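Data first, discussion second: the structure below is written as structure tokens.
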Amino acid sequence: MFEISETAANHAKSLIEKNSQVKEKLRLKMTIENAGCAGTKYGAQLTNVLNKRDVVHKRYGLEIIIPEDYYQYFEDVSVGLDENNKFKIELDEKNKPEKTI
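Position one of the sequence shown corresponds to residue 282 (this note's numbering), numbered consecutively onward.
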């Protein structure tokens, strides 16, 4: 199940507040791309675009978008913060490295 820590959610909400000049509602969107030989690259970005097929999770007052096509890759993911206040994405699968973005 996809999880985000309260600390990471609050950090995302503060980033959204800093970008409040955007007229439309911002959400945190989880991203994924094939990084070739380096494996899969997980990420996150703020967006005001919500597609029909996106899945929206609400945690700690934050709306998090996961594209339906990638949902299976985020089922066992936890998002937290590292010591530099960057989002840290951890995979709950054995032998998978943690990713920091």
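Even glycine gets a Cβ: it sits at the ideal position worked out from N, Cα and C.
As the structure is a prediction and not an experimental result, all values here were calculated from the model.
Would you verify that the beta carbon of T312 is, or is not, closer than 8 Å to some beta carbon of chain D? You won't find chain D in this structure, because it holds only one protein chain.
With a 10 Å radius around its C-beta and 16 neighbouring C-beta atoms as the bar for buried, classify R308 as buried or exposed. Result: buried.
Go to S295, then tell me how far its alpha helix (DSSP H) extends in each direction, as first and last residue. Going by DSSP, S295 is part of the alpha helix (DSSP H) stretching over 287 to 299.
Q302 by DSSP, collapsed to three states: which one? Three-state DSSP puts Q302 in coil, outside helix and strand.
Which whole-angstrom value is the C-beta distance of N300 and L327, which I expect to be below 8 Å? Right, the Cβ-Cβ distance comes to about 6 Å (below 8 Å), so this counts as a contact.
Taking the DSSP output, what are the residues bridged to L309? L309 is bridged to L327, I345.
Give the DSSP-derived three-state secondary structure of N365 in the structure shown. N365 falls in the coil class under three-state DSSP.
Could you tell me which residues DSSP puts in a beta bridge with R340? Residue pairing by DSSP places R340 opposite L343 in a beta bridge.
Below 6 Å CB to CB, which residues in the same chain sit around K294 once its five sequence neighbours on both sides are set aside? Here the set comprises L343.
Quick check: N335 and E349, are their CB atoms within less than 8 Å of each other? Checking the sequence shown, residue 335 turns out to be Asp, not Asn. Contact: yes.
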